[in-house]
Amino acid sequence: MAEKINRNLQSQDFSITNNRIAQPSSEFYTVFSKQEILSLIEALKIRREIPLKYSYKGAGANIWDNFYRKLIIPNWYRSNVEIQLLRDNFQYLNANTQNSRKVNIIDVGAGNSYPVKEYIRKLDKLGRIDRYTALDISEELLEVSKRNFTRWFPFIKYTNSYIDIENSPIPEYLLHRDNVNIFLHLGVTIGNLQHRVKALKNFRQSMGRNDLLVLTNEIGNNSQWDGVARGGCYYHAEQIYQRINKNIGIQHQDCQLIRKYDKKTDSVVANLKFTSDYTIDFSSAGINKKVEISKDEEITIWRHHKHQLPELIEELEQAGLQLIYHSTNKYQLHIMAICKITV
Ligand SMILES: C[S@@+](CC[C@H](N)C(=O)[O-])C[C@H]1O[C@@H](n2cnc3c(N)ncnc32)[C@H](O)[C@@H]1O
């Protein structure tokens, strides 16, 4: 009898130590709206992914801002790629918006607004900017953008607002149709999205016939990745990994960070690999859901898809957009694509 109880206890112990339960922190429930949590759980259940866009919210805003200011601006050789590409394309953008005296800049996924500083200054000198609108999924980054922009340009009209460009077009009240609108989507953000064509369709729906969409991405063949993590894939993914562990409540000894090429999404990804069975228990704030993850399963926490030019043109066409001009940086690794709606 004693032996049987002992055996039962041993098997119970075994199941406790091998089936961990993670409970997201109270911060998690304050940072995300209920709708965002439900969509995160859905992505986790169906695609085994925590969409990268959510990592910019809450304390994630600081992670991005620090990463940008400490690593992208001073050190990284590709650091000023957006600024350089905006510089290279300044004449073209100016010449192609001459049917309105002034332009509105609508920066979607604005981050801290640093990349547009020089561009706005040049437009301002020519008396060509009417207003700047920063849109982002991260309310905290919108605060950083506002602080920066209003300090740099106290006399330019500034508006900001929450948006998830994968889910909805830009609300009409933010669009001032009296001027040409230049929509910016910089920082290779299009390559991080899950629904690229859906996002492009949302841009298309927000654009008038004279408006421009200016986006950047890396170009090349994803499957030929050399296996060396650099830039965002190295620094940003590492920080996101640590924060997810803390916020979701996964013990660091129960998981590891893996970067690899993912054939299904044709992207380079950073994955969190579980070394124990886990149940993530989202039962708080009226949400009663659990996600089971088995030992050795991986969830994607960072992803990037480079475009090849024909593929980019095709995705733009699917969204009702046409590429009217493009240029690459000197290493031919980044593209700035300028688009109009197809009429
Ligand atoms: C890679 S950062 C680029 C920031 C800035 N444009 C730059 O070039 O430095 C991506 C930005 O887009 C925002 N973002 C990501 N996904 C988004 C989405 N689906 N809708 C709106 N903003 C999004 C993030 O919060 C972040 O500020």
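Residue 7 is where the sequence shown starts when you use my numbering, and the numbers rise one by one after that.
Beta carbons are placed, not taken as given, at the ideal position from N, Cα and C, and that holds for glycine.
Please tell me whether residue i and residue j are closer than 8 Å, where the distance is taken between their beta carbons.
{"i": "histidine 311", "j": "asparagine 228", "result": "yes"}
{"i": "alanine 243", "j": "isoleucine 307", "result": "yes"}
{"i": "tyrosine 125", "j": "tyrosine 164", "result": "no"}
{"i": "isoleucine 171", "j": "alanine 205", "result": "yes"}
{"i": "valine 186", "j": "asparagine 105", "result": "yes"}
{"i": "asparagine 1", "j": "proline 175", "result": "The displayed coordinates of the chain run from 7 to 349. Any statement about residue 1 would go beyond what the structure contains."}
{"i": "threonine 222", "j": "isoleucine 341", "result": "yes"}
{"i": "isoleucine 347", "j": "glycine 326", "result": "yes"}
{"i": "serine 151", "j": "asparagine 118", "result": "yes"}
{"i": "glutamate 303", "j": "arginine 54", "result": "yes"}
{"i": "tyrosine 74", "j": "leucine 147", "result": "no"}
{"i": "isoleucine 225", "j": "leucine 315", "result": "yes"}
{"i": "leucine 77", "j": "tyrosine 241", "result": "yes"}
{"i": "glutamine 324", "j": "valine 203", "result": "yes"}
{"i": "isoleucine 56", "j": "isoleucine 250", "result": "yes"}
{"i": "arginine 210", "j": "threonine 271", "result": "no"}
{"i": "valine 114", "j": "leucine 129", "result": "no"}
{"i": "glutamine 90", "j": "glycine 255", "result": "no"}
{"i": "glutamine 262", "j": "lysine 279", "result": "yes"}
{"i": "isoleucine 111", "j": "leucine 190", "result": "yes"}
{"i": "asparagine 277", "j": "lysine 266", "result": "yes"}
{"i": "tyrosine 168", "j": "glutamate 149", "result": "no"}
{"i": "proline 121", "j": "glycine 193", "result": "yes"}
{"i": "phenylalanine 288", "j": "isoleucine 43", "result": "yes"}
{"i": "isoleucine 188", "j": "threonine 103", "result": "yes"}
What three-state label does DSSP hand residue i in the structure shown?
{"i": "alanine 343", "result": "strand"}
{"i": "tyrosine 98", "result": "helix"}
{"i": "alanine 243", "result": "helix"}
{"i": "serine 229", "result": "helix"}
{"i": "glutamate 55", "result": "strand"}
{"i": "glutamine 257", "result": "coil"}
{"i": "serine 174", "result": "coil"}
{"i": "asparagine 166", "result": "strand"}
{"i": "asparagine 198", "result": "helix"}
{"i": "serine 119", "result": "coil"}
{"i": "valine 349", "result": "coil"}
{"i": "lysine 63", "result": "coil"}
{"i": "valine 234", "result": "coil"}
{"i": "tyrosine 83", "result": "For tyrosine 83, the predicted structure reports a pLDDT of 49, less than 50, and the residue's modelled location is therefore unreliable. A value from the coordinates is still provided. Residue state, collapsed to three classes: coil."}
{"i": "arginine 249", "result": "helix"}
{"i": "glutamine 18", "result": "At glutamine 18 the pLDDT is 40, less than 50, meaning the model places this residue with poor confidence and gives no usable figure here."}
{"i": "glutamine 104", "result": "coil"}
{"i": "arginine 215", "result": "coil"}
{"i": "leucine 77", "result": "helix"}
{"i": "leucine 44", "result": "helix"}
{"i": "leucine 92", "result": "helix"}
{"i": "leucine 180", "result": "helix"}
Which residues mark the beginning and the end of the beta strand (DSSP E) in which residue i is found?
{"i": "valine 114", "result": "109-114"}
{"i": "leucine 141", "result": "135-142"}
According to DSSP, what are the bridge partners of residue i?
{"i": "aspartate 71", "result": "In the DSSP output, where bridge partners are listed per residue, aspartate 71 has none listed."}
{"i": "leucine 221", "result": "His191, Ala343"}
{"i": "asparagine 25", "result": "Asp283"}
{"i": "tyrosine 331", "result": "Ile344"}
{"i": "valine 186", "result": "Val109"}
{"i": "glutamine 262", "result": "Lys279"}
Which residues bound the alpha helix (DSSP H) around residue i?
{"i": "asparagine 208", "result": "202-212"}
{"i": "threonine 36", "result": "32-37"}
{"i": "asparagine 154", "result": "145-158"}
{"i": "tyrosine 337", "result": "Neither: tyrosine 337 is in no alpha helix (DSSP H) and is coded neither H nor E."}
{"i": "tyrosine 125", "result": "123-131"}
Tell me whether residue i counts as near ligand 3, meaning its Cβ is closer than 7 Å to at least one heavy atom of that ligand.
{"i": "glutamate 149", "result": "Questions concerning ligand 3 fall outside what the structure shown contains, since the ligands it does hold are ligand 1."}
I'd like to know whether the C-beta of residue i is nearer than 8 Å to at least one C-beta of chain B.
{"i": "alanine 116", "result": "Here chain B cannot be found, since the structure has a single protein chain."}
- Complete beta strand (DSSP E) runs within the region 264-326 (minimum length 3 residues, chain order): 273-280, 283-290, 293-299, 304-310
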